[in-house]
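In what follows, a single structure is set out as structure tokens and then discussed.
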């Protein structure tokens, strides 16, 4: 397929595909799916070999968020029966992090619900970061605390944070349909603050919220322009009790196409399979390792994930290896900071998105009959409970 040969060549050169090419990946047939995976897999192996980076989530403060993000079980007005608790103490968070590190996690992601941290919250999280780093040699720490105010990213960096996560989630054009309490521009600003403070920026998307192929391409192209080091690809977990609780729009095949498109647009970036892989990729998860070089280990913020042991077995059975703390995740040109030029497009050959604005015909939407609500399990163990975490 000429399209795939072109995309592989561009990926090896870090050249930006056209919008038309990215849309064409999402429009490929099931008959061509393995060819798509094989092509994107060449790009993934060129930049990351067969290594899989493991990340572990610690939910520092769960529920009771004042924001109205429609996809979130912790949102204002959510009736989802999730765990609700206030800030973990630094030693509690460190104990939770240690479980993930023992399971093979290289990065610990500290997340707290809310619009954004107060200065007191930054002090609290800074102490937690220092405690985790003191107790776990070589571990990376990423903070995810919402919208940042001036100077807060710098303080987190001084405390030892390596990265900051803040997802764009969806296209700028449709952002107002999923959230009204803050703007798309607010999110972009926070990613830029993290960059400017010397933190490794982590920003991704959520697929499955009813968005079009054009929306998916728009948000991935926007991420490419922001130039984060890691791009988490979340698949919506439709929690009952949230506005998107009835949205079951994804198939395993569509998830693989989305991951492949993301890899082609962001060839030398850590593409991470994040929330919802067990719900929507299901038995196709091993194929996704040929596209992404990073996953979350065990449970998520408010939902249970695949057992950590099963994650490790899946990685080994698929012929991949867990990335060690002594290995550098990013290619040399990115790890050295060569691509961070104030938000420009890395290796794009000079430009923003080009190509046709015409979207291919959307695939048939999934129906309520396809819903796998049995796979959506609220987290009842780990952080905020007396039960051992799943790692």
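Residue numbers (the numbering used here): 1060 to 1450. Even for Gly, the Cβ is constructed at its ideal location relative to N, Cα and C.
Just to confirm the assignment: which complete beta strand (DSSP E) runs, minimum length 3, are found wholly within the region 1088-1172?
Taking only runs of at least 3 residues, the beta strand (DSSP E) segments lying wholly in the region 1088-1172 are 1110-1120, 1166-1171.
Exercise. Measure the beta-carbon distance from residue 1146 to residue 1169 and round it to whole angstroms, keeping in mind my assumption that it falls under 8 Å.
Key: Under the criterion of beta carbons closer than 8 Å, residue 1146 and residue 1169 do not qualify as touching, at roughly 11 Å.
Original post:
Roughly how many angstroms lie between the CA atoms of residue 1108 and residue 1379, to the nearest whole one?
Top reply: Distance between the alpha carbons of residue 1108 and residue 1379 is about 9 Å.
_Check whether residue 1073 and residue 1286 have beta carbons under 7 Å apart_ = Taking the C-beta atoms as reference points, residue 1286 is found no nearer than 7 Å to residue 1073.
Give the C-beta separation of residue 1441 and residue 1121 to the nearest angstrom, bearing in mind that I take them to be a contact with Cβ-Cβ under 8 Å. Going by Cβ atoms, the distance from residue 1441 to residue 1121 rounds to 10 Å, so no, they are not a contact pair.
**Item:** Proximal residues to residue 1474 (C-beta, below 8 Å), its chain only, five neighbours per side dropped
**Value:** Because the chain in this structure spans residues 1060 to 1450, residue 1474 falls outside the shown range and cannot be described.
- If I'm right that residue 1246 touches residue 1359 with Cβ under 8 Å, what's the distance once you round it to whole angstroms? A Cβ-Cβ distance of about 20 Å is found for the pair residue 1246 and residue 1359, leaving them out of contact under the 8 Å criterion.
Practice task
List the residues that DSSP assigns as beta-bridge partners of residue 1271.
Solution key: Per DSSP, none; premise fails for residue 1271.
Please list the segments of the beta strand (DSSP E) lying wholly inside the region 1178-1222, counting only runs of 3 or more residues, in order along the chain.
-> For the region 1178-1222, whole beta strand (DSSP E) runs of length 3 or above, ordered along the chain, are 1199-1203.
| Does the Cβ of residue 1300 have 16 or more other Cβ atoms within 10 Å, making it buried, or fewer, making it exposed? | Exposed, by the Cβ-count rule.
Query raised in the report: Using the beta-carbon count (16 or more within 10 Å), is residue 1294 buried or exposed?
Result: Residue 1294 is buried by the Cβ-count criterion.
request  = Check whether the Cβ atoms of residue 1321 and residue 1278 sit closer than 7 Å, and answer yes or no.
outcome  = Contact flag unset, no.
Proximity of residue 1264 and residue 1130 at Cβ, strictly below 7 Å | Not closer than 7 Å, so no.
Please classify residue 1311: does DSSP put it in a helix, a strand, or coil? Helix.
Check your understanding: What is the DSSP secondary structure of residue 1316, reduced to helix, strand or coil?
Key -> Residue state, collapsed to three classes: helix.
Cutting at 7 Å between CB atoms, please list the residues of its own chain near residue 1138, excluding the five before and the five after it.
Excluding residues within five positions, the ones whose Cβ falls inside 7 Å are 1300.
- Use the C-beta contact count for residue 1229: other C-beta atoms within 10 angstroms, 16 or more gives buried, fewer gives exposed. Here residue 1229 is buried, its C-beta having at least 16 other C-beta atoms within 10 Å.
By DSSP's criteria, residue 1291 is part of a beta bridge. Which residues make up the other side? According to DSSP, which records beta bridges pairwise, residue 1291 is partnered with 1331.
Check whether the Cβ of residue 1327 lies closer than 6 Å to any heavy atom of the ligand GTP, and answer yes or no.
This structure does not include the ligand GTP; it has no bound ligands of any sort.
| said: With distance defined between alpha-carbon atoms, name the residue in 1261, 1190, 1165, 1219 nearest to residue 1203. | reply: Scanning 1261, 1190, 1165, 1219 for the CA closest to the CA of residue 1203 turns up 1261.
key: Spatial distance of residue 1226 from residue 1085 (CA atoms)   = Roughly 21 Å separates the two Cα atoms.
| Could you give the residue range of the beta strand (DSSP E) that holds residue 1371? | Where residue 1371 is concerned, there is no enclosing beta strand (DSSP E), although the alpha helix (DSSP H) it sits in stretches over 1367-1376.
Query raised in the report: DSSP on residue 1343, reduced to helix/strand/coil?
Result: In the three-state scheme derived from DSSP, where H, G and I count as helix and E and B as strand, residue 1343 is classed as helix.
request  = For residue 1264, write down the residues that DSSP places opposite it in a beta bridge.
outcome  = Residue 1264 is bridged by DSSP to 1228, 1292.
Original post:
Per DSSP, what kind of secondary structure is residue 1437 in: helix, strand or coil?
Top reply: Here residue 1437 sits in strand by DSSP.
Exercise. For residue 1387, which of helix, strand or coil comes out of DSSP?
Worked result: In the three-state reduction of the DSSP assignment, residue 1387 falls in the coil class.
inquiry  = For residue 1355, report the span of its beta strand (DSSP E) as first-last.
reply    = Counting along the chain, the beta strand (DSSP E) containing residue 1355 begins and ends at 1353-1355.
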